[in-house]
Amino acid sequence: MREIVTIQVGEFANFVGSHFWNFQDELLGLASDPESDPIFRNHNLNMDVLYRSGETHQGVATYTPRLVSVNLKGSLGTMSSRGTLYNEGSSSRSVSSTTWFGDVDTQRSEPRKRNLFLQSLYEEEQKVGKEIEDKDIVGSLDEDVECWTDFSKSHYHPQSLYELNGLWMDSKDFNNYGIGKDVFSEASRGEEICDRLRFFVEECDHIQGIKFLVDDSGGFSAVAADFLENMADEYTNVPVLLYSVRSPMSQMSPKKTVSNKLHDAISLSRLSSLCKLFTPIGLPSLTGSKASKYLNLGDEKPYRSSAVYAAALHASTIPFRMQPTSSDSSEVSTSMDVNTLVQLLTGRGRQNIVTILDSAMPAPTLAGKQLENTLLTNLQSLTPEVNEDVEDNQAVESMCILGALRSEDKEALVSEVKNAVDASYEQAITKTKPLFCNLSVSRCPLPVPLPFPSIFGNLVGIKGEILSSPVSDSLYRGSLDVHSIPVATRWRSSSAILPFLESRMGNLEKLGIQWGAMGSDVVRSWGFGREELQEMRENLSKMVSELNPQFFESSDSD
Amino acid sequence: MSVRVLNPNAEVLNKSAALHMTINAAKGLQDVLKSNLGPKGTIKMLVGGSGDIKLTKDGNTLLKEMQIQNPTAIMIARTAVAQDDISGDGTTCTVIFIGELMKQSERCIDEGMHPRVLVDGFEIAKRATLQFLDTFKTPVVMGDEPDNEILKMVARTTLRTKLYEGLADQLTDIVVNSVLCIRKPEEPIDLFMVEIMHMRHKFDVDTRLVEGLVLDHGSRHPDMKRRAENCHILTCNVSLEYEKSEINAGFFYSNAEQREAMVTAERRSVDERVQKIIELKNKVCAGNDNSFVIINQKGIDPPSLDLLAREGIIALRRAKRRNMERLVLACGGEAVNSVDDLTPESLGWAGLVYEHVLGEEKYTFVEQVKNPHSCTILIKGPNDHTIAQIKDAVRDGLRSVKNTLEDECVVLGAGAFEVAARQHLINEVKKTVQGRAQLGVEAFANALLVVPKTLAENAGLDTQDVIISLTSEHDKGNVVGLNLQDGEPIDPLLAGIFDNYSVKRQLINSGPVIASQLLLVDEVIRAGRNMRKPT
Chain A
770 MREIVTIQVG EFANFVGSHF WNFQDELLGL ASDPESDPIF RNHNLNMDVL
820 YRSGETHQGV ATYTPRLVSV NLKGSLGTMS SRGTLYNEGS SSRSVSSTTW
870 FGDVDTQRSE PRKRNLFLQS LYEEEQKVGK EIEDKDIVGS LDEDVECWTD
920 FSKSHYHPQS LYELNGLWMD SKDFNNYGIG KDVFSEASRG EEICDRLRFF
970 VEECDHIQGI KFLVDDSGGF SAVAADFLEN MADEYTNVPV LLYSVRSPMS
1020 QMSPKKTVSN KLHDAISLSR LSSLCKLFTP IGLPSLTGSK ASKYLNLGDE
1070 KPYRSSAVYA AALHASTIPF RMQPTSSDSS EVSTSMDVNT LVQLLTGRGR
1120 QNIVTILDSA MPAPTLAGKQ LENTLLTNLQ SLTPEVNEDV EDNQAVESMC
1170 ILGALRSEDK EALVSEVKNA VDASYEQAIT KTKPLFCNLS VSRCPLPVPL
1220 PFPSIFGNLV GIKGEILSSP VSDSLYRGSL DVHSIPVATR WRSSSAILPF
1270 LESRMGNLEK LGIQWGAMGS DVVRSWGFGR EELQEMRENL SKMVSELNPQ
1320 FFESSDSD
Chain B
65 MSVRVLNPNA EVLNKSAALH MTINAAKGLQ DVLKSNLGPK GTIKMLVGGS
115 GDIKLTKDGN TLLKEMQIQN PTAIMIARTA VAQDDISGDG TTCTVIFIGE
165 LMKQSERCID EGMHPRVLVD GFEIAKRATL QFLDTFKTPV VMGDEPDNEI
215 LKMVARTTLR TKLYEGLADQ LTDIVVNSVL CIRKPEEPID LFMVEIMHMR
265 HKFDVDTRLV EGLVLDHGSR HPDMKRRAEN CHILTCNVSL EYEKSEINAG
315 FFYSNAEQRE AMVTAERRSV DERVQKIIEL KNKVCAGNDN SFVIINQKGI
365 DPPSLDLLAR EGIIALRRAK RRNMERLVLA CGGEAVNSVD DLTPESLGWA
415 GLVYEHVLGE EKYTFVEQVK NPHSCTILIK GPNDHTIAQI KDAVRDGLRS
465 VKNTLEDECV VLGAGAFEVA ARQHLINEVK KTVQGRAQLG VEAFANALLV
515 VPKTLAENAG LDTQDVIISL TSEHDKGNVV GLNLQDGEPI DPLLAGIFDN
565 YSVKRQLINS GPVIASQLLL VDEVIRAGRN MRKPT
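Just so you know, the sequences run in chain order A and B.
Every number in this note's numbering is 769 more than the matching position in the first sequence, counting from 1.
Every number in this note's numbering is 64 more than the matching position in the second sequence, counting from 1.
Structure representation (structure tokens):
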């Protein structure tokens, strides 16, 4: 067994993470439920890869994610930063200080109200109170999710949730690289965060990698960069998979300011130099994108958009925890560890580490009229600024398909999925075929937990199949109508990412480095010297030249 | 106004409104913190939105836990937290001193004085106070044999503001001894070499000093001993786990055998490393019943653990980076980065190594070490609140001892300095100042009194009585501090109440700077948000 430790830094990263852990929690629940579909009961996925077993002081066994989550103070809503499992049993009244005999002065903040969903979880635990209708819960979640804990049903370990205190800053003001620059190193925050991480890594017998989600739209990318730098020292040979996630909201403003553009460039350069694989996720608008063909999203709610990204995250990391028993079992095929994936995508010829993540949610049914075409065309990029029409015969891909359906509601066998994918690549004559494609298949679809947002359109059936005619009038179908969905994702290392890289490199040069550049004051106030900037530009141009061999020739001619 | 043209939502506060906003913010922050000050202050219980409870007596912790939104208050809070970073104490003092400076200024400004003149007065008074501090301080000689009594008194003064007396007095010895333990001649004191470890176990009075180290993890093999005596300690940073190294990245093997071969080769090189360590163990442990303990900064995987366990070796993996340094200081030997450097001389020594398990938490004690230049303060308490309290107090105590050793002087406490400095400013300095800046000096002098006043107020005494009796006693030529039990003047020297010189110095330096900056603000512009809203 090879463990993975997950790290979530920043607001949106925690939203995505919260959905992700809800999926895992649902999988765990379904696996132990004798009444659930057998496909969930023997999914042949090893949950220990992501979870740790422990016990409380009272000797109660616990099973919690190996997770370090970092966020601003006050972002945990109604959840205690110590989690829910390891409470000392004694109620809060007995805490009256034993170290001070003087007076006690109490300052109470306005207590946060639990929403219906959290109330129902709480009452389930206490085994009291009236039943709350699932319908009401789903409705209330759609209305008033404010922070990621509002829809989280997972239990967390006391070491997992870390709040950055003493910043005295709103998340709105915490919006550029400069502002987050010293946050990690100041006031021994970095040390505390690294201690949390060490706690989880020490337990691992043989860690395969670290999955790092960062909301890099603001100051958190600096926090993450410092954190990564520290990790690179400490855990030199542990590969880091970095997902940089952004909410549509953070990219809403019609024109990006100089500061935004510089932030993007600096953030990309710093973060990508500290990980093994860098995957940007976050379209400026999900609603209009092809990725949400069968979905009804709203861009303004992170609760909704993060669900799509979390599904892709879940699917893309499934190969890391397939049980590698008897080469290929009937449930899963082609397990991989983190290192293997990294080598696959970055190690062949080109050393490109910035990859595209495509997703199809729900994935099309295999027996459809022309699956061959639908599967590949349904996979839509979640990475922004990607050139879709590029011909790249050097591309390397790794695809992962979960719970694909054969017909209306029958899960396809692993071999059927494999054949279908082979066929679809054969038929896709229009596009240049990639140099290499890995395929991992699991028969277990993505379960839709109760607190999942109602984002499915009315063409999506109960098992995530695509219907030919709308089932109901409701435009939004959620966890009550759709119980599981097939998902396909694909990592792609291709020159299609070039626009993403080039725009950042260009902005850094134009706005930050050139003499009299518009943003030179901005970068100076963030504390970057000229040399540092040039180093970052070097780094970016190296990435561009990996994908575009002509780049160096053209830049030499200047 | 032009700003309005640029941004219709922008809110502009003019001169007097701006000033009052900042003054009110400063006073507001002062009000929150002032009840904390001193050995008679109150402890704050903060109940968060989720029902989370935090208890703290420490100004620094309190500030960080608060959600401050007012820009002025944030500025003051940053200064106060910086004060703590630099000198390790004085957060609460900074906040109330700045607040009092603003309060005194308000009175002058309401009478028609220009802030600029006040600020000039502050500057003069600040310089004079700093000079006075240098004549007022009590030098102490910290040679090879530091004066333990003085160190204890300083530490006790700090600790008693955070913990009840009995516990504070118990910790005083622990704190002083731990700093003396890590102190090396001719080198600055690195407080990181004192490890602060906590266990949720037993009671606060079970907190103790461990001469050696306590690690927050244990061995990960069921067959390894839980207790060993006479141990050779190997401190190393060597990976003992199988990992695909970058060079052997050829992951596409043409057949399964090749892959197998590659894996075996990798495994073999790990095993060789383990074997080298075992060889060293056999060398040093041959013919005696000594034990061998490995503390590794890198990972150790189960096959390696197996090999080591079979040889009776105790192995800990993923030790904190800082513990590598501490271990060497405590046990001797040196940290080894490659198995090729293994020699018997690189090993350290500990008389006793044992494990303590609490639920899922494991602790490893390395005790009875040869030459402790690093030690651990092991904090115990029945709950997290107690532990957090003691931790805050211990940190401050350590800093105060360190400061004393480095300053080579102390300042009489219990408000003695503030009273003396105030009298000095009023009686001597004010006369030498020309014009209205005199009022600035006076405002500054009165602001200094906020410390004894607040101490008295928190002790339930009448502040005016106290100040009058203190100043009149001072004018008789005595150095006087405040006795918080009865409000009478005492001699802090006899009562053993001492503050740090560097803390006071920093406080007098930074307070007026921020206050002056705030006073000179004559316009506040902010787009889009209502700032009159209270914090």
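Every residue, glycine too, gets a C-beta built ideally from N, C-alpha and C.
Just so we're clear, the structure is a prediction, and the values are computed from it rather than from any experiment.
Neighbour list for residue i in chain B, Cβ cutoff strictly below 9 Å
i                : result
Gly843 (chain A) : Gly112, Gly113, Gln131
His975 (chain A) : Glu305, Tyr306, Glu307, Gly363, Asp365, Pro366
Chain A contact residues for residue i, given Cβ-Cβ distances below 8 Å
i                : result
Ile140 (chain B) : Near Ile140 (chain B) there are no residues of chain A at all, since even the closest Cβ is about 11 Å away, more than 8 Å.
Ile454 (chain B) : Thr868
Within chain B, the residues that residue i reaches when beta carbons sit closer than 7 Å
i                 : result
Ser878 (chain A)  : Val111, Gly112, Gly113
Trp937 (chain A)  : Ile132, Ile138, Ala141
Glu1003 (chain A) : Arg385
Residue-chain proximity (residue i, chain B), Cβ-Cβ < 7 Å
i                 : result
Met848 (chain A)  : yes
Arg862 (chain A)  : With a pLDDT of 45 at Arg862 (chain A), under the threshold of 50, the modelled position of this residue cannot be trusted; read the value that follows with caution. Taking Cβ atoms only, chain B never reaches closer than 7 Å to Arg862 (chain A), which makes this a no.
Glu1166 (chain A) : no
His924 (chain A)  : no
Asp874 (chain A)  : yes
Ile776 (chain A)  : no
His826 (chain A)  : yes
Glu902 (chain A)  : no
Glu780 (chain A)  : no
Closest residue to residue i among the options (Cα-Cα distance)
i                 : options                                    : result
Asp335 (chain B)  : B:Asp353, B:Lys384, B:Leu372               : B:Leu372
Gln147 (chain B)  : B:Ser580, B:Ile572, B:Arg171, B:Ala579     : B:Ile572
Asp974 (chain A)  : B:Ala485, B:Ser368, B:Ala192, B:Ser464     : B:Ser368
Arg374 (chain B)  : B:Gln339, B:Gly397, B:Ala383               : B:Gln339
Gly768 (chain A)  : A:Pro1220, A:Glu932, A:Gln977, A:Val952    : Nothing in the structure corresponds to residue 768 (chain A), since chain A is present only between 770 and 1327.
Arg881 (chain A)  : A:Gly846, A:Met1130, A:Gly1247, A:Gly1298  : A:Gly846
Gln1303 (chain A) : A:Asn1317, A:Val970, A:Gln1319, A:Lys1279  : A:Lys1279
Ile253 (chain B)  : B:Pro553, B:Val465, B:Asp550               : B:Val465
Tyr855 (chain A)  : B:Ile132, B:Lys540, B:Leu223, B:Asp448     : B:Asp448
Asn1207 (chain A) : A:Leu1174, A:Leu1135, A:Thr1109, A:Val1217 : A:Thr1109
Ala511 (chain B)  : B:Ile531, B:Glu324, B:Met217               : B:Ile531
Pro1203 (chain A) : A:Asp964, A:Pro1008, A:Leu1145, A:Pro807   : A:Leu1145
Limits of the beta strand (DSSP E) - the one that residue i falls within
i                : result
Met261 (chain B) : 258-264
His296 (chain B) : 291-300
His538 (chain B) : Unbroken run through His538 (chain B) is the alpha helix (DSSP H), 527-539; no beta strand (DSSP E).
His420 (chain B) : 412-422
Anticipated Cβ contact below 8 Å, residue i with residue j, distance rounded
i                 : j                 : result
Leu462 (chain B)  : Val183 (chain B)  : Incorrect: roughly 37 Å between the Cβ atoms, too far for contact.
Asn811 (chain A)  : Glu1100 (chain A) : 6 Å
Ile341 (chain B)  : Leu298 (chain B)  : 7 Å
Thr1152 (chain A) : Leu1046 (chain A) : 13 Å between Cβ atoms; not a contact.
Ile138 (chain B)  : Trp937 (chain A)  : 5 Å
Val774 (chain A)  : Leu966 (chain A)  : 7 Å
Thr1056 (chain A) : Tyr1012 (chain A) : Rounded, the Cβ-Cβ distance is 21 Å, inconsistent with contact.
Pro1088 (chain A) : Cys1169 (chain A) : 6 Å
Ser410 (chain B)  : Val421 (chain B)  : In fact, because the Cβ distance is near 30 Å, the residues do not count as touching under 8 Å.
Below-7 Å beta-carbon distance, residue i vs any chain A residue
i                : result
Arg382 (chain B) : yes
Lys91 (chain B)  : no
Ala519 (chain B) : According to the sequence provided, residue 519 (chain B) is Leu. The question's Ala does not apply to it. Not closer than 7 Å to any Cβ of chain A, the Cβ of Leu519 (chain B) fails to qualify, so no.
Ser283 (chain B) : no
Span of the alpha helix (DSSP H) around residue i
i                 : result
Ser1167 (chain A) : First-last for Ser1167 (chain A): 1165-1171, but that is the beta strand (DSSP E), not the alpha helix (DSSP H).
Pro367 (chain B)  : 366-374
Arg1293 (chain A) : 1289-1294
Chain-ordered chain A contacts of residue i [CB-CB under 7 Å]
i                : result
Tyr228 (chain B) : Thr868, Trp869, Phe870
Leu231 (chain B) : Thr868
Contact set between residue i and chain A, taken where Cβ atoms lie within less than 9 Å
i                : result
Ser333 (chain B) : Those within 9 Å of Ser333 (chain B) in chain A number zero; the least Cβ separation is about 13 Å.
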